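In the numbering used here, the protein residues as written are 44 to 203. Below is one structure, written out as structure tokens; comments come after it.
This is the structure in structure tokens:
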């Protein structure tokens, strides 16, 4: 007999999309805890970030301050050189803030960033130490917001 709970609440992330913050127009308020629509500048789309599976880590610690709660989402991941160098993401990661949508293995999507700002990104090259190591970039995205990241529907990624 197998225990089906093994597959409940699996860790890790399965997908990641980004939108440069200047391409964001508005985010509809959540309906029953889920954002159903995010308006973008016409002609812009969410773009997928290909990453090495099991390299991605998302956390969102809450800090109590005199002004109330502050949530600090942090996302770290590894991308291969061929997937990053010369890409739109490489061109804008350190020059503009980004909105991110991260999805888990159960297709639950979370929006990182708000109408007031996106996440700042940095990239660090890693050559590896051995022949079998992968060359690529460690990416790290961080932000600070007065509210926790919200869940979004899959429809927000579709072209409009």
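Even for Gly, the Cβ is constructed at its ideal location relative to N, Cα and C. This one's a predicted model, so the numbers in the text were calculated from it and none came from an experiment.
- Message: Whole angstroms are fine: how far does the CA of residue 55 sit from the CA of residue 179?
- Response: Position 136 of the chain shown holds residue 179. Position 12 of the chain shown holds residue 55. About 20 Å.
- Item | CB contact flag (residue 93, residue 122, <8 Å) | Sequence index remark: in the chain shown, residue 93 carries index 50 (1-based). Sequence index remark: in the chain shown, residue 122 carries index 79 (1-based). Yes, these two residues count as a Cβ contact at 8 Å.
- Item | Cβ of residue 131 within 8 Å of any chain D Cβ | No chain D appears in this structure, which consists of one protein chain only.
- Message: Here's a check: name, in chain order, each residue in its chain whose Cβ is nearer than 8 Å to the Cβ of residue 36, leaving out the five neighbours to either side.
- Response: Given that the chain is displayed from residue 44 to residue 203, the structure contains no residue 36 and the question cannot be resolved.
- Task: May I ask you to report which of helix, strand or coil DSSP gives residue 199?
- Result: Start at 1 with the first residue of the chain shown, and residue 199 comes out as number 156. Note: residue 199 maps to helix in three-state DSSP.
- Closest to residue 106 by CA distance: which of 91, 64, 138 and 190 is it? Locating residue 106 in the chain shown gives position 63, counting from the first residue. Answer by Cα proximity: 190.
- Query: Taking buried to mean at least 16 other C-beta atoms within 10 Å of its own C-beta, is residue 192 buried or exposed?
  - Reply: For the purposes of this step, residue 192 is taken as residue 149 along the chain shown, with counting starting at 1. Buried.
- Query: Can you give the Cα-Cα distance for residue 145 and residue 60, rounded to whole angstroms?
  - Reply: Position 102 of the chain shown, counted from the first residue, corresponds to residue 145. Position 17 of the chain shown, counted from the first residue, corresponds to residue 60. Near 6 Å, if we compare the C-alpha coordinates of residue 60 and residue 145.
- Message: What ranges does the beta strand (DSSP E) occupy inside the stretch 90 to 149, keeping only unbroken runs of at least 3 residues that lie completely in it?
- Response: 100 to 102, 105 to 108, 111 to 114, 117 to 123 and 141 to 147
- Message: Alpha carbons only, please: which of 172, 113 and 90 is nearest the one belonging to residue 132?
- Response: Within the chain shown, residue 132 is the residue found at index 89, counting from 1. The option with the nearest alpha carbon to residue 132 is 90.
- residue 165 versus residue 96: straight-line alpha-carbon distance, rounded: Within the chain shown, numbered from 1, the residue matching residue 165 stands at position 122. Within the chain shown, numbered from 1, the residue matching residue 96 stands at position 53. The alpha-carbon atoms of residue 165 and residue 96 are separated by roughly 19 Å.
- Can you round the beta-carbon distance between residue 124 and residue 64 to whole angstroms, since I take them to be within the 8 Å contact cut? Within the chain shown, residue 124 is the residue found at index 81, counting from 1. Within the chain shown, residue 64 is the residue found at index 21, counting from 1. Not really, about 26 Å apart at Cβ, beyond 8 Å.
- Item | Simplified DSSP assignment, three categories, for residue 63 | Here residue 63 corresponds to residue number 20 of the chain shown, with the count starting at 1. Reduced to three states, the DSSP call for residue 63 is strand.
- Task: For residue 73, collect the residues of the same chain with a Cβ closer than 7 Å to its Cβ; drop the 5 residues on either side in sequence, then sort them by chain order.
- Result: For the purposes of this step, residue 73 is identified with residue 30 of the chain shown, where counting begins at 1. Hits under 7 Å: 193.
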